[in-house]
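The opening position of the sequence shown corresponds to residue 2 in our numbering, with each subsequent residue numbered one higher. Using N, Cα and C, we set each Cβ at its ideal position, and we do this for glycine too. Remember, predicted model here, so these are calculated numbers, not experimental data. These notes are about the structure you will find just below.
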Amino acid sequence: MTEMKIKISSVAVIIMAAGSSSRMEGQKKEFLVLPNNQGTVLSSCATAFLESLAIKYLLVTVPAAGGEKVITQAKEALFASAQVKTLLEQPNSYGKKPELVFVPGGKTRQESVLFALEKIFELGSVDAVLIHDGARPFVTKAIIKSVFDEVINHGTACCGVAPVDTQKEIDSFGNITKHLQRNKMVAVQTPQGFLFKPLLEAHRKAAEQKIECTDDTEIWSSFYDSPVKVVKGSPENIKITFPGDLTKMNQNQIQIRTGLGYDLHRLVEGRSLIIGGVNIPSPKGEAGHSDGDVLCHAITDALLGGAGLGDIGEMFPPSDSKWKDADSKELLKQAWEKVKKAGWELNNLDCVIKLEKPKVLPYRKEIILSLATILGVEPERVFIKAKTGEGQDSVGQGNSVEVWATCLLVK
Ligand code: MG
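And the structure:
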């Protein structure tokens, strides 16, 4: 079959937000605020569409029972992002601003779509319409564009993902009646796109004939032979349904960084051996500009590096006499304050101390407690291990002490 491109010069987008969010413990999911200044669920949907297409009408369905109050709430949720306001005020390729319309919904999703389609018809019709669940805030411009492109090619398209779990058909008793082939299955998402007039016709007929469908592709297929083309959606294009989805959403936003620090100090007579703020009796101690606490130095570098905030030499230059014989616990504390200020929390810190003698392990508990106190974290988040140089290198010869520290930062 030769593909014929359909000329589409005007598009409407319907964002469905007329549901009662009955599984969301009373919270209207489309109005929820997203983490990390991403606006609200509704404003995130609207931004994606307004940035992807030249839209003639942007319709948002709202619960009819909510009256003016819910329209005010929907407006607030929509304009929670300044970007939406800007995009609605910019003339698009029609030379006109997109027209924003709130439509009171019906008793079912299907009825709400029909009301929105009738509203578009009343406003003056369009060539194509894209319908999107208002609770899918992570739809991307790429998905919207590929659905729209296939509407141009086929007249209708939706997006979907391959189901992760094997799918079965069951009867009313819960018994498997059919083992479905997973490679022939797709879990359908939104947006779904259609030529406007045929979809309106199908919806009108479905309403007349009391045909109930779960989505608009089913309505389309109830009246037309031309198949609905499925393009690649995304597992991130989730529909917020349960309060737990919000937690998942927040988890998506967690940032994780690792940091690595290393230090070596010469061991000389007449200096104290200080490791992690703990004074360990020894005939030799660390040489250095500060008190020479090799462990505190390596940890300071790990934390600063993980957060991308420089390193110990930059923050406390040895050229500055201010840091002469400085207490390295204080340096570590100051660096950690800087990292915390940037929003980071310490998930865990793990260190290796390489020292020939004295043995470090008898001091392990004390060092861990000392570090946990400096950083203000639970001791369970800190660990240290002790190694020797087996008499080999400069550590092995008792001339130096080396430390490696890694940390995991989260925010
Ligand atoms: Mg050092």
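Could you round the C-beta distance between residue i and residue j to whole angstroms and report it? I think they count as a contact, below 8 Å.
| i | j | result |
| --- | --- | --- |
| G96 | F149 | Not confirmed; about 20 Å, so no contact. |
| I300 | C352 | 7 Å |
| H298 | S329 | 6 Å |
| F139 | E237 | 5 Å |
| C159 | V229 | 6 Å |
| I56 | A129 | That belief does not hold up - the Cβ atoms of I56 and A129 are roughly 11 Å apart, past 8 Å. |
| D264 | V231 | Going by Cβ atoms, the distance from D264 to V231 rounds to 57 Å, so no, they are not a contact pair. |
| I281 | L333 | About 17 Å; that fails the 8 Å criterion. |
| H155 | S227 | 7 Å |
According to DSSP, simplified to helix, strand and coil, what is residue i?
| i | result |
| --- | --- |
| G73 | Correcting the residue type first, residue 73 is Thr in the shown sequence and not Gly. In the structure shown, T73 sits in a helix (DSSP, three-state: H, G or I). |
| S147 | helix |
| M5 | coil |
| W405 | strand |
| Y95 | coil |
| K285 | strand |
| F174 | coil |
| F195 | strand |
| K360 | coil |
| H290 | coil |
| M17 | strand |
| L350 | strand |
| P236 | coil |
| D214 | First, the amino acid is wrong: residue 214 is Cys here, not Asp. In the structure shown, C214 sits in coil (DSSP, three-state: anything other than H, G, I, E or B). |
| D321 | coil |
| L89 | helix |
| K206 | helix |
| D246 | helix |
| T301 | helix |
| G262 | strand |
| E379 | coil |
| I385 | strand |
| A327 | coil |
Go through its chain and collect everything with a Cβ distance to residue i's Cβ below 6 Å, but skip five positions before and after it.
| i | result |
| --- | --- |
| M2 | For M2, the predicted model reports a pLDDT of 44, less than 50, meaning its position is unreliable; a value from the coordinates is still stated below. Around M2: no qualifying Cβ. |
| L88 | L51 |
| E100 | Y58 |
| L372 | G277 and V383 |
| M17 | T62, D134 and G135 |
| V361 | I354 and A387 |
| Q256 | K412 |
| M5 | none |
Which residues in the same chain as residue i place their Cβ atom closer than 7 Å to its Cβ, once the five residues preceding and following it in sequence are excluded?
| i | result |
| --- | --- |
| L201 | L118 and F122 |
| K358 | G399 |
| A19 | T62, V63, P64, G106 and S113 |
| L370 | P380 |
| A208 | L115 |
| K120 | L60, V102 and V104 |
| S94 | A55 |
Have a look at residue i and residue j and give me their C-alpha separation to the nearest angstrom.
| i | j | result |
| --- | --- | --- |
| S11 | V378 | 58 Å |
| K142 | S53 | 5 Å |
| K233 | P36 | 26 Å |
| H204 | I220 | 7 Å |
| R365 | I354 | 10 Å |
| I132 | R24 | 22 Å |
| T48 | V14 | 12 Å |
| H180 | T167 | 9 Å |
| K386 | I275 | 16 Å |
| V162 | I153 | 21 Å |
| F317 | S395 | 27 Å |
| R183 | E170 | 12 Å |
| Q335 | R267 | 25 Å |
| G286 | V404 | 15 Å |
| I239 | I368 | 46 Å |
| V127 | L305 | 56 Å |
| V402 | I241 | 54 Å |
| E315 | G40 | 37 Å |
| E338 | S320 | 23 Å |
| E90 | K185 | 44 Å |
| S21 | L33 | 14 Å |
| P137 | D217 | In the sequence on display, residue 137 carries Arg and not Pro. If you take the alpha carbons of R137 and D217, they lie about 16 Å apart. |
| C214 | N38 | 36 Å |
| I7 | E151 | 10 Å |
| L79 | I177 | 44 Å |
Suppose the cutoff is 8 Å on Cβ atoms and the five residues either side in sequence are ignored; what does the same chain contact list for residue i look like?
| i | result |
| --- | --- |
| T407 | T259, G260, L261, G262, A303, L350, D351 and C352 |
| G397 | E357, T389, G390 and E391 |
| I72 | V63 and F103 |
Inter-stretch contact (C-beta, 8 Å, three-pair minimum) for the segment 401-412 and the segment 332-350
Segments in contact, yes.
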